[in-house]
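Reading through the structure tokens given below for one structure.
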Amino acid sequence: MKALAAGRWLFGALAGASLDARAASGVTTNTLDYTIDTGGGLVFKVLRVKSSKAGIGDIASLVYNGVEYQGQ
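Reading the sequence shown from the start, the letters are residues 626 to 697 in my numbering.
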């Protein structure tokens, strides 16, 4: 539930951002996840669908300055 709450907060924050800010942040989506590129060396993926190992809103990947800290 914490991950779902965190996911809801993240998407609420992104939805509230201006269109220019969202474009600058590099938010993209596909059928499985949202990819957020902060433009400052941090790129992370948040799941859109539940999988056998993770739930909606869980962080699937976390890359900082090219180093993978959490991956699928």
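From the three backbone atoms N, C-alpha and C, an ideal C-beta is built for every residue, glycine too.
* Asked: Buried or exposed: which applies to L657, given that a residue is buried once 16 or more other Cβ atoms fall within 10 Å of its Cβ?
  -> exposed
* Option in L672, V688, G691 and S676 with minimal Cα separation from G682 -> L672
* Where does V674 sit, in a helix, a strand or coil, going by DSSP? -> coil
* By a C-beta neighbour count over all protein chains shown, 10 Å radius and 16 as the cutoff for buried, is K678 buried or exposed? -> exposed
* Asked: Under a Cβ-count criterion, where at least 16 other Cβ atoms within 10 Å of its own Cβ denotes burial, should Y659 be classed as buried or exposed?
  -> buried
* To do: Have a look at L687 and L667 and give me their C-alpha separation to the nearest angstrom.
  => 7 Å
* May I have the straight-line CA-CA distance separating T663 from V674, to the nearest angstrom? => 22 Å
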